[in-house]
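To keep things clear, I will list the structure first and then write my remarks on it.
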Amino acid sequence: MSTQASGRARFEELRTEALACTRCRLREQRTQVVFGMGDPAADLMFVGEGPGAEEDRQGLPFVGRSGKLLDRLMAEEMGLDRTSAYIANVVKCRPPQNRDPRPDEISACRPYLEEQIELIDPAVVVTLGNFSSKLLLDTTTGITKLRGRAYDWNGRVLVPTLHPAAVLRGGGDAMALVRADLVRAKAACSGGVVDLVESASVARNASR
Ligand code: SF4
């Protein structure tokens with residue numbers, strides 16, 4: 001089997017494992033596991049927080065109001081639709097009443113996300129909101145301070161931005177910030193010149 005074919009086979013195996021996962025308490029109230037969607041060989045990956053009610057119903061990420069906004073901003077700022085990217089979340093099951101995912105739930109689910117990233121092998125990762133940005137950059141610094149830059153992250157470019165749900169709450173100013181971040185991500189995808197911040201320095205600064 002070629003390396004590419006074995007990667008695809010492992011990706012399907014990982015999905016099958018996740019769909020039956022009982023590693024954390026989020027299994028109790030989910031309708032279904034939301035593993036992710038899109039092109040598993042995409043150069044661009046989005047990582048959000050966790051499924052909401054609509055995502056839990058459909059088994060797909062970002063299909064509610066936030067997802068529609070993400071689709072619109074991807075189209076307007078990057079000229080892309082979601083089939084040309086891969087979209088996943090930090091936790092694959094819906095936290096009840098849309099509460100924040102807890103640290104032990106994030107730890108339990110983290111291996112799925114890490115292996116998804118490894119197998120998809122995207123050049124650019126856009127983290128949407130606090131949870132995915134802090135997790136992948138290994139920092140306690142919040143998204144409002146992290147965003148506005150691109151980070152050199154494990155040989156990839158990581159662009160943190162606000163979660164679309166925060167844009168829906170925050171209006172025009174928040175929208176403008178996300179637009180600017182997606183333009184930055186697009187430049188990184190097309191090999192354009194992007195000033196990169198060393199991701200390890202974020203963790204160092206956060207611990208000071
Ligand atoms: S959130 Fe992740 S770790 Fe928890 S049950 Fe769902 S798939 Fe498993």
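Heads up: the sequence shown is residues 1 to 208, going by our numbering.
Backbone N, C-alpha and C define an ideal beta-carbon position, used for all residues, glycine too.
Cβ atoms of LEU162 and ALA174: under 8 Å apart, would you say?
Position 174 of the sequence shown, counting from 1, holds the residue named residue 174. Position 162 of the sequence shown, counting from 1, holds the residue named residue 162. It is a contact, given that the beta carbons lie within the stated cut-off.
Following a CB-centred definition, is ALA108 positioned closer than 7 Å to any heavy atom of the ligand SF4?
Here residue 108 refers to the residue found at position 108 when the sequence shown is read from its first residue. Checking the Cβ of ALA108 against the ligand SF4 gives yes.
Is the beta carbon of CYS109 closer than 8 Å to that of LYS134?
Numbered from its first residue, the sequence shown carries residue 134 at position 134. Numbered from its first residue, the sequence shown carries residue 109 at position 109. Result no, Cβ atoms of LYS134 and CYS109 do not sit closer than 8 Å.
Does the Cβ of ALA75 have 16 or more other Cβ atoms within 10 Å, making it buried, or fewer, making it exposed?
Along the sequence shown, one-based indexing puts residue 75 at 75. The residue is exposed, with fewer than 16 neighbouring Cβ atoms inside 10 Å.
Coarse secondary structure for PRO111, derived from DSSP in three states:
Within the sequence shown, the letter at position 111 stands for residue 111. Reduced to three states, the DSSP call for PRO111 is helix.
For ILE87, the residue or residues it bridges with in DSSP
Locating residue 87 in the sequence shown gives position 87, where the first residue counts as 1. MET37, PHE46.
For PRO160, which beta-bridge partners are listed by DSSP?
Working through the sequence shown from its first residue, we reach residue 160 at position 160. Its beta-bridge partners are THR127.
Does the beta-carbon of CYS93, which I'm using as the reference point, lie nearer than 7 Å to any heavy atom of the ligand SF4?
In the sequence shown, residue 93 corresponds to position 93, counting from 1. CYS93: yes, Cβ under 7 Å from the ligand SF4.
Determine the closest residue to LEU19 out of ALA9, PHE35, PHE11, with distance taken between C-alpha atoms.
Residue mapping note: residue 19 aligns to position 19 of the sequence shown, counting from 1. Selected option, being the one with the closest Cα: PHE35.
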